[in-house]
Amino acid sequence: FNECQRKGETFRALLLFPTKALAQDQLGAIKRLAAECCPDLSVATYDGDTPKQERAAIRESCHLLLSNPDMLHVSVLPCCQKEKWDEVLKGLRFVVVDEAHYYRGVFGSHVALVLRAFVVFADSTG
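Number 586 in this note's numbering belongs to position 7 of the sequence shown; there are no gaps in the numbering.
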């Protein structure tokens with residue numbers, strides 16, 4: 580983040596957790612760490628519990644988005660959502676999939692397909 584900031588580049592990262600509860604649990608720890616080493620780094624959750632009126636602001640200004648595969652599927656991937664996510668995707672540097680051992684069976688197959696679709700979607704944005 581600090582290096583991108585020095586260069587004047589946009590930095591975004593998407594952290595995916597298998598559940599909303601786990602993302603919420605990690606949010607506090609990540610915010611504390613960010614406050615110590617990168618005070619300008621903004622962190623927020625973007626999930627089904629995020630009020631709709633706050634979502635646009637989070638997409639526009641947040642550096643670290645904590646979410647889950649279901650929200651990625653519902654909110655990011657529909658073709659009509661592309662313009663909403665352009666800024667996030669243009670600055671996207673990392674996608675982190677936490678708790679990878681959790682993604683097995685039908686749920687794991689679903690997440691794999693969502694992630695493949697996301698890669699195609701992100702590549703088409705630049």
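Backbone N, C-alpha and C fix where the C-beta goes; we use that ideal spot for every residue, glycine too.
query: Given 8 Å, three or more beta-carbon pairs between the region 672-680 and the region 621-633; result: no
query: Beta bridge counterpart(s) of VAL675 as assigned by DSSP; result: LEU594
query: Buried/exposed call for ALA608, threshold 16 Cβ in 10 Å; result: exposed
query: Bridge-paired residues (DSSP) for THR624; result: LEU645
query: Backbone CA spacing between SER640 and TRP664 [nearest angstrom]; result: 12 Å
query: Residue range of the alpha helix (DSSP H) that includes SER640; result: 631-640
query: As assigned by DSSP and simplified to three states, the class of TYR682; result: coil
query: Residue environment, PHE596, which counts as buried when at least 16 other CB atoms sit within 10 Å; result: buried
query: Cβ pair ARG638, VAL667 closer than 7 Å; result: yes
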